[in-house]
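Engineer: Got a structure for you, written out below as structure tokens; questions coming shortly.
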Amino acid sequence: MKYVIVIPDGCADDPCPALGGKTPLQAARLPNIDRLATLGVCGLTNNVPHPLTPASDVATLSLFGYDPLEVYTGRAPLEAAALGVALGPADWAIRCNFVHVPDGHMRDFTSGHISSEEGGQLVEALREILPAGFDLTPGVGYRNLLAYRGETGPIFADDVTTQPPHDIPDQPVDRYLPRGTGSDVLRDIMARSRTVLADHPVNVARRAAGKKDATQVWLWGQGRAPTLEQFDRKYGPRGAITTGVDLVRGVGALLGWDRLEAPGITDYIDTDYAAQARLAIDHLDRYDLICVHVEAPDEASHAGLVEEKVKSLEQIDAHIVGPILDALPKFGDWRMLVSPDHRTPLTTRAHSYGAVPYAAGGAGIASGGPVQYDEEHAQRGPAFDPGWQLMPWLLNK
Ligand SMILES: [Zn+2]
């Protein structure tokens, strides 16, 4: 049996006044996803249990059949997996952003979207001041990853709390510094980074060019390495994933899925949809399960772009779901699932809690009759809450 999972990230929404009271899924023409839903079923699944935060890390773990309440340890460890940074059971991963705090306030959590090349030079300088056991890996742009090797004994504890810098725009940063047992080592790295970075040539050049400089690092999102059973051991199928998002790559890596990459695949609405479908179809002979994750609808929601969100859904339908549905019978028995991870309503432009519609069909899934893939029709189909139970159902486990 071959399985394909297509994730239109954040596609689930509320009725929009700009769409005459329809949701983007209702406004979009989706003949292929409707075909899949009619072949099988369209129902609801809930991937974000309280008190976890709605985001793709928690929600894709659930979609892939893992109870996030059991396995989720934080965002940074998943990004470590995407960067290929190995973590032992005693180790921690911590997000390390270059931020712009010129006056004690969080003025820009991206340091004016500092480039990866500039960031890499700053990382080199910062390595000099790190205490023993800490290691810094450069990431993309302003995002880096700090690892703490805990074999020498834990110097900070599970009660440490940190603050995502994008959630405190223009706030005084003093109120949001790391707290809890051993958090002084994190506060100390942040304070010392100010001195190292102040007159670094990269920052001098940025200021001269009228750009925002990286005044310090901001540490947040810490977590220990999760202990996930590999997907093929837990469920059987050998998997691979295509995505433009590091965080989702990290989830795939932890599951033991191979990474399918091609030029033109991005985490934005300009992504090459057809290239992702081709990757999936070209690799179906080598894998039992392929996941195609598309970030575009989520990005359109964050940007508040109603038309773009509708368009991205139609692109996914025409260039991904359609060709894959047509190709699957060549490989024998198959099942296909289309489901977003979480909701991202255009009204709030932020992720939200709540169930999302899925469509699933293929061998052995009885048709529930003609149905359209949207939030309303999904309310009448089979529901999964908690959502992690959908995957074992799809795989007949
Ligand atoms: Zn998002």
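Residue numbers for the sequence shown follow our numbering, so the first one is 1013 and each next one is one higher.
All residues carry an ideal CB built from backbone N, CA and C; glycine is no exception.
These numbers come from a predicted model, not from an experiment.
(1) Listed by chain order, which residues have C-beta atoms less than 6 Å from any heavy atom of ligand 1?
(2) Under DSSP, the beta strand (DSSP E) around residue 1305 begins and ends at which residues?
(3) Where does residue 1055 land, buried or exposed, given buried means 16+ other C-beta within 10 angstroms?
(4) What does the alpha-carbon distance come out to for the pair residue 1383 and residue 1290?
(5) So, under 8 Å CB-CB, residue 1076 and residue 1267 are touching, yes? Tell me the CB distance rounded to an integer number of Å.
(6) Touching or not, the region 1063 to 1080 and the region 1180 to 1199, by the rule of three or more beta carbon pairs under 8 Å?
(7) Since residue 1234 and residue 1106 should fall inside the 8 Å C-beta cutoff, what is the C-beta to C-beta distance between them, to a whole number of angstroms?
(8) Taking 7 Å as the cut-off, is the C-beta of residue 1142 nearer than that to any heavy atom in ligand 2?
(9) To which residues does DSSP link residue 1396 through a beta bridge?
(10) Can you name, in chain order, every residue of its own chain whose Cβ lies under 7 Å from the Cβ of residue 1309, other than the five neighbours on each side?
(11) What first and last residue would you give for the alpha helix (DSSP H) that runs through residue 1239?
(12) Three or more C-beta pairs closer than 8 Å, one from the region 1077 to 1086 and one from the region 1399 to 1408: is that the case here?
(13) Could you please give the first and the last residue of the uninterrupted alpha helix (DSSP H) stretch that includes residue 1157?
(14) Tell me which same chain residues have a C-beta within less than 6 Å of the C-beta of residue 1031, skipping the five on either side of it?
(15) Assuming residue 1374 and residue 1052 form a contact by the criterion Cβ under 8 Å, report the distance between their Cβ atoms to the nearest whole angstrom.
(16) Just the C-alpha distance for residue 1201 and residue 1137, rounded to the nearest angstrom, thanks.
(17) Count Cβ pairs between the region 1211 to 1224 and the region 1261 to 1275 that sit closer than 8 Å; are there 3 or more?
(18) Would DSSP call residue 1078 helix, strand or coil?
(19) Can you give the Cα-Cα distance for residue 1253 and residue 1370, rounded to whole angstroms?
(20) Contact between the region 1125 to 1134 and the region 1287 to 1304: three or more CB pairs below 8 Å?
(21) Please tell me whether residue 1208 and residue 1190 are closer than 8 Å, where the distance is taken between their beta carbons.
(22) Given a cut-off of 8 Å, decide if residue 1386 and residue 1037 are closer than it, judged by their beta-carbon atoms.
(23) With a cut-off of 8 Å, do at least 3 Cβ pairs link the region 1111 to 1123 to the region 1277 to 1289?
(24) What is the rounded straight-line gap between the Cα of residue 1149 and the Cα of residue 1157?
(25) Is residue 1100 closer than 8 Å to residue 1237 when the C-beta atoms are compared?
(26) Apart from the five residues just before and just after residue 1050, which ones in its own chain have a Cβ nearer than 6 Å to its Cβ?
(27) Per DSSP, what are the beta-bridge partners of residue 1041 in this structure?
(28) Can you say whether residue 1378 is buried or exposed, counting buried as having 16 or more other CB atoms within 10 angstroms of its CB?
(29) Closest to residue 1104 by C-alpha separation, out of 1095, 1089, 1027, would be which residue?
(30) Straight-line CA distance for residue 1134 to residue 1212?
(31) Within 10 angstroms of its Cβ, does residue 1408 collect 16 or more other Cβ (buried), or is it exposed?
(32) Please list, in chain order, all residues of the same chain as residue 1095 whose beta carbon is under 7 Å from its beta carbon, the five residues on each side excluded.
(33) Mind checking whether residue 1302 and residue 1251 have CB atoms under 8 Å apart?
Structural biologist: Looking at the coordinates:
(1) Qualifying residues, in the order they occur: 1022, 1310, 1314, 1356, 1363.
(2) 1301 to 1306 is the extent of the beta strand (DSSP E) around residue 1305.
(3) Counting Cβ neighbours within 10 Å, residue 1055 comes out buried, since at least 16 surround it.
(4) Between residue 1383 and residue 1290, the C-alpha separation is close to 27 Å.
(5) Contact between residue 1076 and residue 1267 holds, with the beta-carbon distance rounding to 6 Å and staying under 8 Å.
(6) No, because fewer than three Cβ pairs between the region 1063 to 1080 and the region 1180 to 1199 fall closer than 8 Å, the two stretches do not touch.
(7) Contact between residue 1234 and residue 1106 holds: their C-beta atoms lie close to 4 Å from each other, under 8 Å.
(8) You won't find ligand 2 in this model; what it holds is ligand 1.
(9) In the DSSP output, where bridge partners are listed per residue, residue 1396 has 1057.
(10) Around residue 1309: 1020, 1021, 1022, 1023, 1321, 1324, 1325.
(11) Boundaries for residue 1239: no alpha helix (DSSP H) harbours it, and the DSSP string shows neither H nor E there.
(12) The region 1077 to 1086, when compared against the region 1399 to 1408, does touch it at the 8 Å Cβ threshold.
(13) Looking at the DSSP string, residue 1157 is not in any alpha helix (DSSP H); the run it does join, the beta strand (DSSP E), is 1155 to 1160.
(14) In the same chain as residue 1031, and ignoring 5 residues on each side of it, the C-beta atoms closer than 6 Å to its own belong to 1039, in chain order.
(15) Between the beta-carbon of residue 1374 and that of residue 1052 there is about 7 Å, and that keeps the pair under the 8 Å contact cut.
(16) Approximately 13 Å, taken between the alpha carbons.
(17) No, the region 1211 to 1224 does not touch the region 1261 to 1275.
(18) DSSP places residue 1078 in coil when its eight states are reduced to three.
(19) Pairing residue 1253 with residue 1370, the inter-Cα distance amounts to about 19 Å.
(20) No, the region 1125 to 1134 does not touch the region 1287 to 1304.
(21) Taking 8 Å as the cut-off, the beta carbon of residue 1208 is found no closer than this to the beta carbon of residue 1190.
(22) Going by C-beta atoms, residue 1037 is nearer than 8 Å to residue 1386.
(23) No: fewer than three Cβ pairs fall under 8 Å.
(24) If I take the Cα positions, the gap works out to 5 Å.
(25) Contact annotation: residue 1237 and residue 1100 have beta-carbon atoms nearer than 8 Å.
(26) The residues are 1382, 1383.
(27) Beta bridge pairing from DSSP links residue 1041 with no other residue.
(28) Exposed is the label assigned to residue 1378, since fewer than 16 other Cβ atoms lie within 10 Å of its Cβ.
(29) Taking only the C-alpha atoms, the option nearest residue 1104 is 1089.
(30) About 8 Å.
(31) Within 10 angstroms of the beta-carbon of residue 1408 lie fewer than 16 other beta-carbons, which makes it exposed.
(32) Taken in chain order, the residues that qualify are 1149, 1151, 1157.
(33) Yes, Cβ-Cβ distance for residue 1302 and residue 1251 is below 8 Å.
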